[in-house]
Amino acid sequence: MSLTFTATLFEWRGPAPHYFLRVPDELVPDLRDAARLVTYGWGMIPCLARVGETTFRTAIFLKDSGYLLPVRVAVRRAESLEEGREVTVTVTPG
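Per the working numbering, residue 373 is the first one in the sequence shown, and the count goes up by one each step.
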């Protein structure tokens with residue numbers, strides 16, 4: 373199962389800045405179903421993600437009744453992504 377969605381890249385300002393895409397609410401039930409099969413704890417869903425020409429391994433995780441997809445520095449640089457930009461991503465859990 374692969375899911376494609378578009379979301380706004382945002383920065384979470386914690387001890388170290390991290391950037392995320394929020395999974396749209398309508399896809400949350402599909403991810404919950406996938407999580408039962410592939411999660412490695414705490415609701416983390418390992419996945420392969422693709423933004424533009426860049427493919428990377430990461431894990432989607434639960435946050436406030438939804439899911440967040442972290443976007444690494446290397447991906448942001450390779451795809452010239454900046455905070456506030458709409459980003460289309462395809463994720464394949466597993």
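Every residue, glycine too, gets a C-beta built ideally from N, C-alpha and C.
This structure is a prediction, so every number in the text was calculated from the model and none was measured.
Buried or exposed for L409, please, with buried defined as at least 16 other CB atoms from any protein chain shown within 10 angstroms of its CB. exposed
Pick out whichever of P465, K435 and R394 has its Cα sitting closest to the Cα of L381. R394
Helix, strand or coil: which one does DSSP assign to R422? strand
Would you say the stretch 441-458 touches the stretch 397-405, given that touching needs at least three Cβ pairs under 8 Å? no
Have a look at the DSSP bridge pairing and note the partners of V463. L375 and A421
Coarse secondary structure for R429, derived from DSSP in three states: strand
On the DSSP letters alone, give me the boundaries of the alpha helix (DSSP H) that R449 sits inside. V445 to A450
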